[in-house]
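Residue numbers (numbering that gives the first Met the number 0): 0 to 108. Everything below concerns the one structure shown next.
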Amino acid sequence: MTKLSLNKVETFIKGLDQNPVLKQEFDANPQDTLIKNTAINPKNDVWIYRLVVAALSLVVIIITTGILTNIKAIQEADKVITIIASLASAAIGALAGLLAPSPGTEEQS
0 MTKLSLNKVE
10 TFIKGLDQNP
20 VLKQEFDANP
30 QDTLIKNTAI
40 NPKNDVWIYR
50 LVVAALSLVV
60 IIITTGILTN
70 IKAIQEADKV
80 ITIIASLASA
90 AIGALAGLLA
100 PSPGTEEQS
């Protein structure tokens with residue numbers, strides 16, 4: 000199922016009257032033309048991005064809090080500290096990868 004943007008659909012409907020080529024495309028194949036011109040790109044979905052950043056930040060906060068509250072227990076368990084450190088560094092690396100701008104890409108309006 001493809002998600003459509005209501006704003007894009009309204010703009011598309013107005014554009015049908017102004018663009019004869021678009022009108023011909025729509026008359027020939029309405030479903031594909033509508034989806035092609037009004038579909039939402041999941042890469043531009045800000046809520047997915049925010050959810051991932053929040054989850055990774057939560058992992059970092061929980062691990063940091065756990066380390067700070069259980070310092071003596073962690074000093075006694077050598078293998079546990081390795082697992083915790085790898086989880087924390089993976090989460091921090093993922094956050095850095097998400098928050099850093101991609102090289103060579105331009106912001107599109």
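Even for Gly, the Cβ is constructed at its ideal location relative to N, Cα and C. Source: prediction; values computed, not measured.
For residue i, count neighbouring Cβ atoms within 10 angstroms of its own Cβ and tell me buried if that reaches 16, exposed if not.
i, result
"L50", "exposed"
"A90", "buried"
Rounded to whole angstroms, what's the CA-CA distance from residue i to residue j? Just pull it up for me.
i, j, result
"K78", "G92", "21 Å"
"Q17", "S85", "57 Å"
"L15", "V52", "39 Å"
"P100", "L94", "12 Å"
"I66", "A54", "18 Å"
"I62", "N6", "42 Å"
Can you give me the Cβ contacts of residue i inside the same chain, cut-off strictly under 8 Å, excluding the 5 residues immediately before and after it?
i, result
"V8", "L33 and T37"
Less than 7 Å between C-beta atoms, sequence neighbours within five positions excluded: which residues of the same chain meet that for residue i?
i, result
"T64", "none"
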